[in-house]
Amino acid sequence: MIPKEIKKFVDYFSKLPLLGPRQATRLAFYLLESDKSSLKNLSEAMSDLLKLDRCARCFFIKEENEKLCPICSDEKRSPTVIAIVEKETDLMTFEKMSKFKGQYLVLGKLAEKGILEQTQKARLEKLKSRIKSELGGSADEIIIALNATAIGDFTSDIIREEFKNLSKKITRLGRGLPTGGEVEFADETTLLHSFEKRY
Ligand SMILES: [Zn+2]
């Protein structure tokens, strides 16, 4: 009754974030409405993702045939200042700011419970050994650029502890009042943090 092609499509797409089986089914029928050439372009855009790989240094995305990602292979960027971000999209936001001239470590999505997964531990270990082997045992600065959430706080504490002897400075993104935010209207947590982070 339902063609197997659609069933297969729904099986895969309903596993994606934001899509349940119903949305995936709707998407399938929506795509069937569009002309064949745009459908072909879409499927090419998807299969092109296969050409990407993970950078062995920062774990961002790189082209399959390149050794490192464009950020790690950019000689103008300082390898001794490292921002630890959770997600690739966080890195991209950071890059949009175009202020940061160091390198990164993409940790990977943090679990709800805040416990580091095996891959995340392995990525941190990789950074440690890079600091030891390439940076003479100490980075200039590690910037913990994790979210200002309980999980972010918890993970930051772990990172601070793990890297305390491996970096001259370990900082965390300031959590001051948002631009234009007024002390009077700030919630307690925001105010407390901005107070603690005063300079
Ligand atoms: Zn990289």
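So in numbering that gives the first Met the number 0, the last spot in the sequence shown is 198, and the numbers never skip.
Ideal placement from N, C-alpha and C gives every residue a C-beta, glycine not left out.
Just how far apart, CA to CA, sit residue i and residue j?
i: Thr-148; j: Thr-88; result: 17 angstroms
i: Ser-193; j: Ile-157; result: Low confidence applies here, because Ser-193 scores a pLDDT of 49, under 50, leaving its location unreliable; read the following figure in that light. Computed Cα separation, rounded: 22 angstroms.
i: Gln-119; j: Met-0; result: 44 angstroms
i: Phe-93; j: Ala-138; result: 20 angstroms
i: Lys-66; j: Pro-2; result: 43 angstroms
i: Phe-59; j: Cys-71; result: 9 angstroms
i: Asp-152; j: Ala-121; result: 20 angstroms
i: Asp-10; j: Pro-20; result: 7 angstroms
i: Lys-7; j: Ser-37; result: 20 angstroms
Of the residues the options, which one's Cα is nearest the Cα of residue i?
i: Leu-134; options: Glu-160, Gln-117, Leu-172, Leu-165; result: Leu-165
i: Leu-106; options: Glu-74, Gln-117, Glu-85, Lys-125; result: Glu-85
i: Thr-201; options: Asp-10, Lys-196, Gly-136, Glu-161; result: Because residue 201 is not part of the residues shown, which for the chain are 0 to 198, the question remains open.
i: Glu-124; options: Cys-57, Phe-12, Lys-196; result: Cys-57
Looking at the secondary structure, which residues open and close the beta strand (DSSP E) in which residue i lies?
i: Ala-208; result: Coverage of the chain is limited to positions 0 through 198, which leaves residue 208 absent and any answer about it impossible.
i: Ser-199; result: Summary: the structure shown does not reach residue 199, with the chain confined to residues 0 through 198, and so no result is reported for it.
i: Ala-82; result: 80-84
i: Arg-53; result: 51-53
The alpha helix (DSSP H) spanning residue i covers which residue range?
i: Glu-62; result: It is not in any alpha helix (DSSP H) - Glu-62 instead sits in the beta strand (DSSP E) that spans 60-62.
i: Leu-126; result: 117-133
i: Leu-106; result: Leu-106 -> no alpha helix (DSSP H), and no H or E assigned at all.
Excluding the 5 residues preceding and the 5 following residue i in the sequence, name in chain order all residues of the same chain whose CB lies nearer than 7 angstroms to its CB.
i: Leu-109; result: Glu-85, Ile-150, Thr-154
i: Asn-146; result: Glu-85
i: Glu-63; result: Lys-50, Leu-51, Asp-52
For residue i, which residues from the same chain have a beta carbon less than 6 angstroms from its beta carbon, with the 5 sequence-adjacent residues on both sides left out?
i: Arg-159; result: Ile-169
Does the segment 40-48 come close enough to the segment 98-113 to have 3 or more Cβ pairs within less than 8 angstroms? no
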